[in-house]
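Peer 1:
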Amino acid sequence: MEVIKLSVCLIVKNEERWLTQCLESALQFADEIIIVDTGSTDSTVEICRSLGVRVEHYEWDNDFASARNFSLELATGDWILWLDADEKLLINDLEFVRQQLMQGSDHLYAIHLVNYIGNKVSLHETYHYNQVRIIRNHYGFKFQNNVHETINVNEVLPQLITTDIQCLPIEIHHYGYLDSVVIDKGKSKRNIALLEEALRKEDDNPWNYYHLASEHVRLKNYDLSFRYVNRAIIGFLEKKLAPPSLLYKLKYSILIDAKSIDDKVIAAIDKAIMMYPDYVDLHLYRGIMLMSEKRYDEAIHTFQHCIELGESHTRHLTLAGSGTFHAWYYIGQCHEKLSNQALAKNAYRTSVSFYPDYLPAKEAMFTLQ
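Numbering-wise (the working numbering), the sequence shown opens with residue 7 and increments by one.
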């Protein structure tokens with residue numbers, strides 16, 4: 007019987023906080039783990055060696071893709087899974103995964119990514135997304151972009167349709183965007199510097215503008231982030247490509263945060279929804295916009311549609327609760343504005359049934375008692 011070899015590749019620098027749980031989770035999957043260290047001064051290297059994991063050193067050159075490509079060159083497996091040190095791997099059926107990799111004809115696979123946000127580790131405070139994380143070795147795959155690096159899927163497989171990428175029964179839980187981690191590492195400041203450097207080298211890459219917009223949102227620089235996300239959208243259109251759905255999510259979240267909503271903005275998000283009708287987050291944002299314009303009956307209808315859509319369309323970056331507790335909470339808010347107190351109470355109660363610690367709904371219920 008044919009046996010395949012699985013490699014897991016990471017690049018690290020001062021990752022002692024999460025590294026042990028990451029490596030222990032990977033050891034259940036991997037036949038080899040390749041660690042590329044870019045200059046750790048804490049106990050990162052010692053943790054790796056204590057777990058019997060290979061460590062190679064790489065001189066940091068302000069390019070995440072370059073460091074990751076070095077790790078790929080070291081991998082000897084038939085398949086490579088790439089991880090970050092602040093991630094944890096969960097595999098429901100390892101034997102199924104191995105069989106699929108051995109017998110399947112695909113050259114890459116997606117994995118369900120769970121991104122924790124906010125100030126605590128809670129599955130209710132997460133974003134969900136299916137992301138390519140497993141690639142066939144020696145097939146021409148490499149990383150591109152010096153920050154927020156991605157695999158060159160379109161270059162290697164130009165005819166591949168994104169919706170055809172199979173998602174294996176694996177989850178990656180990512181802790182790197184918890185508030186405390188972002189602040190401790192100064193990620194936004196670091197990433198902005200690298201992205202601005204990338205723009206000077208290649209100003210036609212729309213992803214650089216998108217990621218700059220994302221970083222500036224974290225710093226509440228809404229005017230600047232809005233200009234960057236619009237430039238990203240234009241960049242994709244100039245390349246005759248449909249802007250990915252998460253660009254529209256970012257654009258309209260910026261306008262909501264900046265309290266810059268009017269009928270024109272609502273008409274604009276309607277066009278985005280026509281492109282991505284199954285993207286529940288866009289519908290949720292539309293409902294919030296309608297609320298801000300005091301169009302409460304329309305908003306209720308929109309939030310009800312969020313509940314019908316659910317949160318399973320994770321080809322889009324999806325906020326936990328968009329189709330459950332967030333939607334029910336906003337329905338309650340609308341009913342309150344319409345003086346439907348009983349319906350509001352029931353909506354808040356339903357919201358809390360999905361997320362018992364959801365403070366906005368709990369506080370709203372308390373004020374109605």
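All residues carry an ideal CB built from backbone N, CA and C; glycine is no exception.
Assign phenylalanine 372 to buried or exposed, taking buried as 16 or more other Cβ atoms, counted over all protein chains shown, within 10 Å of its Cβ.
Peer 2: If you number the sequence shown from 1, residue 372 lands on position 366. Exposed.
Peer 1: For isoleucine 97 and leucine 89, I'd like the C-alpha separation in whole angstroms.
Peer 2: In the sequence shown, the residue the question calls residue 97 occupies position 91. In the sequence shown, the residue the question calls residue 89 occupies position 83. Each residue's Cα considered, the two are about 14 Å apart.
Peer 1: How many Å lie between glutamate 101 and glycine 83 at the Cα?
Peer 2: Taking the sequence shown and counting its residues from 1, one reaches residue 101 at position 95. Taking the sequence shown and counting its residues from 1, one reaches residue 83 at position 77. Glutamate 101 and glycine 83: Cα-Cα distance of roughly 17 Å.
Peer 1: What are the boundary residues of the beta strand (DSSP E) that arginine 142 is part of?
Peer 2: In the sequence shown, residue 142 corresponds to position 136, counting from 1. Run containing arginine 142: 132-142, per the beta strand (DSSP E) assignment.
Peer 1: Cα-Cα, which of Ser194, Asn152, Lys126 and His144 is closest to alanine 73?
Peer 2: Taking the sequence shown and counting its residues from 1, one reaches residue 73 at position 67. Comparing Cα positions, the closest option is Asn152.
Peer 1: In the region 173-236, which residue ranges form an unbroken beta strand (DSSP E) of at least 3 residues, counting only runs that do not cross its ends?
Peer 2: 173-180
Peer 1: Identify every run of the beta strand (DSSP E) within the region 52-118, keeping only runs that are complete inside it and at least 3 residues long; order them along the chain.
Peer 2: 60-63, 85-88 and 93-97
Peer 1: In this structure, how does DSSP classify tyrosine 364 when only helix, strand and coil are distinguished?
Peer 2: Against the sequence shown, residue 364 aligns to sequence position 358. Coil, per DSSP.
Peer 1: Glutamate 38 bridges to which residues according to DSSP?
Peer 2: Within the sequence shown, the letter at position 32 stands for residue 38. Answer is Ser13.
Peer 1: DSSP three-state call for aspartate 43: helix, strand or coil?
Peer 2: What you label residue 43 is simply residue 37 of the sequence shown in a count that begins at 1. Strand at aspartate 43.
Peer 1: Tell me which residue opens and which closes the alpha helix (DSSP H) that glutamate 317 is part of.
Peer 2: Position 311 of the sequence shown, counted from the first residue, corresponds to residue 317. Counting along the chain, glutamate 317 falls outside any alpha helix (DSSP H), and DSSP gives it neither H nor E.
Peer 1: Rounded to whole angstroms, what's the CA-CA distance from tyrosine 258 to tyrosine 122? Just pull it up for me.
Peer 2: Start at 1 with the first residue of the sequence shown, and residue 258 comes out as number 252. Start at 1 with the first residue of the sequence shown, and residue 122 comes out as number 116. Near 21 Å, if we compare the C-alpha coordinates of tyrosine 122 and tyrosine 258.
Peer 1: For lysine 300, which residues from the same chain have a beta carbon less than 7 Å from its beta carbon, with the 5 sequence-adjacent residues on both sides left out?
Peer 2: The residue labelled residue 300 in the question sits at position 294 within the sequence shown. Around lysine 300: no qualifying Cβ.
Peer 1: Are at least three pairs of beta-carbons, each pair with one atom in the region 280-298 and one in the region 219-235, less than 8 Å apart?
Peer 2: no
Peer 1: Does the region 190-205 come close enough to the region 112-126 to have 3 or more Cβ pairs within less than 8 Å?
Peer 2: no
Peer 1: Here's the rule: buried if 16 or more other CB atoms are within 10 angstroms of the residue's CB, otherwise exposed. What is aspartate 43?
Peer 2: Residue numbering aside, residue 43 sits at position 37 when the sequence shown is read from its first letter. The residue is buried, with at least 16 neighbouring Cβ atoms inside 10 Å.
Peer 1: Please state the DSSP three-state secondary structure of glutamine 150.
Peer 2: Counting from one through the sequence shown, the residue named residue 150 turns up at place 144. Reduced to three states, the DSSP call for glutamine 150 is strand.
Peer 1: Quick one: any contact between the region 25-38 and the region 47-58, if contact means 3 or more CB pairs under 8 Å?
Peer 2: Yes: the two stretches touch, three or more of their Cβ pairs being nearer than 8 Å.
Peer 1: Within a Cβ cutoff of 6 Å, which residues of the same chain sit near tyrosine 234, ignoring the five residues on either side of it in sequence?
Peer 2: Against the sequence shown, residue 234 aligns to sequence position 228. Within the same chain, tyrosine 234 has close Cβ partners Tyr215, Leu218 and Ala219.
Peer 1: Tell me, please, which residues DSSP counts as bridged to threonine 324.
Peer 2: Here residue 324 is taken as the residue at index 318 of the sequence shown, counted from 1. The partner list for threonine 324 (beta bridge, DSSP) reads His134.
Peer 1: Please report the distance separating the alpha-carbon of serine 127 from that of leucine 184.
Peer 2: Counting from 1 along the sequence shown, the entry for residue 127 is found at position 121. Counting from 1 along the sequence shown, the entry for residue 184 is found at position 178. Here the sequence assigns valine to residue 127, which means serine is not the residue at that position. Distance between the alpha carbons of valine 127 and leucine 184: 8 Å.
Peer 1: For the alpha helix (DSSP H) that contains serine 345, what are its first and last residues?
Peer 2: By one-based count along the sequence shown, residue 345 stands at place 339. Per DSSP, serine 345 belongs to no alpha helix (DSSP H) and is neither H nor E.
Peer 1: Once you ignore the five residues that flank glutamate 342 on each side, which residues in its own chain have a CB closer than 7 Å to its CB?
Peer 2: The sequence position of residue 342 within the sequence shown is 336, counting from 1. In its chain, beyond the 5 residues on either side, Ala350 have a beta carbon closer than 7 Å to the beta carbon of glutamate 342.
Peer 1: With C-beta atoms as the reference, is leucine 16 less than 9 Å away from phenylalanine 35?
Peer 2: Within the sequence shown, residue 16 is the residue found at index 10, counting from 1. Within the sequence shown, residue 35 is the residue found at index 29, counting from 1. The answer is no: Cβ separation not under 9 Å.
Peer 1: Just tell me which of Lys148, His154, Tyr135 and Lys255 has its CA closest to the CA of glutamate 161.
Peer 2: Taking the sequence shown and counting its residues from 1, the one referred to as residue 161 is at position 155. Out of Lys148, His154, Tyr135 and Lys255, Lys148 has the C-alpha closest to the C-alpha of glutamate 161.
Peer 1: Assign tyrosine 145 to one of two classes, buried (16 or more other C-beta atoms within 10 Å of its C-beta) or exposed (fewer than that).
Peer 2: Within the sequence shown, residue 145 is the residue found at index 139, counting from 1. Burial call: exposed.
Peer 1: Opposite tyrosine 285 in the DSSP bridges: which residues?
Peer 2: Within the sequence shown, numbered from 1, the residue matching residue 285 stands at position 279. BP columns for tyrosine 285 are empty, so no partner.
Peer 1: If I follow the unbroken alpha helix (DSSP H) through glutamine 27, where does it start and stop?
Peer 2: Translated into positions along the sequence shown, residue 27 becomes position 21. 25-33 is the extent of the alpha helix (DSSP H) around glutamine 27.
Peer 1: Is glycine 329 closer than 9 Å to isoleucine 306 when the C-beta atoms are compared?
Peer 2: Your numbering for residue 306 matches position 300 in the sequence shown. Your numbering for residue 329 matches position 323 in the sequence shown. The answer is no: Cβ separation not under 9 Å.
Peer 1: Considering only residues of the same chain and omitting the five flanking positions on each side of tyrosine 302, which have a CB-CB separation below 6 Å?
Peer 2: Within the sequence shown, the letter at position 296 stands for residue 302. The answer, listed in chain order, is Cys340, Lys343 and Leu344.
Peer 1: Check for me: the alpha helix (DSSP H) holding asparagine 160 runs from which residue to which?
Peer 2: In the sequence shown, residue 160 corresponds to position 154, counting from 1. Per DSSP, asparagine 160 belongs to the alpha helix (DSSP H) from 159-162.
Peer 1: Look at the alpha carbon of phenylalanine 360 and the alpha carbon of threonine 320, and state the distance between them as a whole number of angstroms.
Peer 2: On the sequence shown, residue 360 is found 354 positions in, with the first residue counted as 1. On the sequence shown, residue 320 is found 314 positions in, with the first residue counted as 1. Going by the C-alpha atoms only, they are around 19 Å apart.
Peer 1: Who are the near neighbours of leucine 323 in its chain, counting only those whose CB is closer than 7 Å to its CB and skipping five residues on each side?
Peer 2: The count along the sequence shown starts at 1 and reaches residue 323 at position 317. Listed in chain order, the non-local C-beta contacts of leucine 323 below 7 Å within the same chain comprise Tyr133, Tyr135, Leu252 and Lys255, local neighbours out to five positions each way being set aside.
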